[in-house]
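Residues are numbered in our numbering as their position in the sequence shown, beginning at 1, plus a constant of 76.
In this text, a Cβ means the ideal position worked out from N, Cα and C, and glycines have one as well.
Read the structure below first, then the notes.
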Amino acid sequence: MCKILIVKNQDERLVYVFDYLKKQNVQVIMITNEDDFKSELIKRDVDAVILPVRGVSDQGEIDGTDIMLSKENLLLLQGKTLFSGLLNSQFNQMCKQVGVKFITYLDDDVAIKNNYITVEGVISHITNSSRRAILNSNTLVIGYGKLGQITASVFKELQSHVTVVARSQKDRIHAKISGFGAMSYNDLIYKIDRYDFIINTVPAHVIDEILLDKLSKTNVEIIDLASKPYGLNHELAKIKKVETTILKGVPGKIAPKTSGELIAINVVKFICGGDDDDSR
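Here you go:
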């Protein structure tokens, strides 16, 4: 029987990771503080430890907890597997030095499914807070990675007129073939004020003060899905009376059960040799 330790913070997804693993006859223990963390590692032969989605800081502090994964604590994990959502390259080096395998449970399959959940959250936000429908709207999607592509596709299916902003010519050609409008970042200054919704997926200030000045004369809403530093200075946008919303951690907020089970299925696949259950 697999033995797995879950480090719990405020993320509700971890509760559903726990529930799913229990149903799979995995011996699973949930802890929230450093004392319990150490004592469980000392007395139990765990196969793996699951960390919160945001993982650890450069200093080894587990997100949303008081637990420090110091070298001393990492030595207790020697030969074990440490799972996290986000990987930290500096911390990964520490793990390698003491013989701990540090891998992500957010592989491509889980990430894509989470992106669909994120877009569900965007639609829910617009439905509940906007005075205009997605139908026949003009939507600008900034960034053409996985999340940008899924956002553009779903909004197109909802009959929005979608344009994407992509850095590479190859991505812009792909976007046009997929039925979207496409432009480069250099085109934003000429066209950014034409849209009802702007959905940003790029974690860099691609919407600068000059662009905010143009948007201040419109009724656009910017929905920012990027991680820090986000796609713009939201405080500056507020001063300029540009409506913005930061939607972060959407899967854990609107669908913690689904998202948590996706994580758990992946962990079982890696550690216990289980098959990914695509029926869920």
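Which term fits Q166, buried or exposed, when burial requires 16 or more other beta carbons within 10 angstroms of its beta carbon?
With fewer than 16 other Cβ atoms within 10 Å, it is exposed.
Alpha carbon of I218 to alpha carbon of P305, nearest angstrom
In this structure, the CA atom of I218 is about 15 Å from the CA atom of P305.
Between the alpha carbons of I118 and A124, how many angstroms are there, rounded?
Distance between the alpha carbons of I118 and A124: 13 Å.
Residue ranges of each beta strand (DSSP E) within the region 112–146, 3 or longer
With a minimum length of 3 residues, the continuous beta strand (DSSP E) runs that stay inside the region 112–146 are 124–126.
Tell me whether the region 305–317 and the region 268–286 touch, counting them as touching only if at least three CB pairs, one residue from each stretch, are closer than 8 Å.
Proximity of the region 305–317 to the region 268–286 meets the contact definition, three or more beta-carbon pairs being nearer than 8 Å.
Out of G325, I330, L288, which has the shortest C-alpha to C-alpha gap to A313?
Of the candidates G325, I330, L288, L288 places its Cα closest to the Cα of A313.
V122 to N149 span [Cα, whole Å]
Each residue's Cα considered, the two are about 14 Å apart.
Among residues of its own chain, excluding the 5 on either side of R89, which ones have a beta-carbon nearer than 6 Å to its beta-carbon?
The residues are G328, P332, S335, G336.
DSSP state of D272 mapped onto helix, strand, coil:
Residue state, collapsed to three classes: coil.
Can you tell me where the beta strand (DSSP E) with M106 in it begins and where it stops?
First-last of the beta strand (DSSP E) with M106: 103–107.
For K84, count neighbouring Cβ atoms within 10 angstroms of its own Cβ and tell me buried if that reaches 16, exposed if not.
Here K84 is buried, its C-beta having at least 16 other C-beta atoms within 10 Å.
Grab me the residues of T227's own chain with a C-beta within less than 6 Å of its C-beta, minus the 5 sequence neighbours each way, in chain order.
Cβ within range, chain order: V195, V217, I275.
Could you tell me the alpha carbon to alpha carbon distance between N101 and K189, rounded to whole angstroms?
Rounded to the nearest whole angstrom, the C-alpha separation of N101 and K189 is 25 Å.
Tell me which same chain residues have a C-beta within less than 8 Å of the C-beta of N109, skipping the five on either side of it?
Here N109 has T141, D142, I143 as same chain residues with Cβ atoms under 8 Å from its own Cβ, once five neighbours each way along the sequence are excluded.
Residues in its own chain within less than 6 Å of D95 by CB, not counting five upstream and five downstream?
Contacts found: none.
Just mark N342 as buried or exposed, buried being the case when its beta carbon has 16 or more other beta carbons within 10 Å.
Result: buried.
Closer than 6 Å by C-beta to V186: which residues in its own chain qualify, once you throw out the five before and the five after it? Chain order, please.
Within its own chain, the residues whose Cβ lies closer than 6 Å to the Cβ of V186, once the five positions on either side in sequence are excluded, are L338, N342, listed in chain order.
Is the Cβ-Cβ distance between A258 and K267 less than 8 Å?
No; because the gap between Cβ atoms is not below 8 Å, this pair is not in contact.
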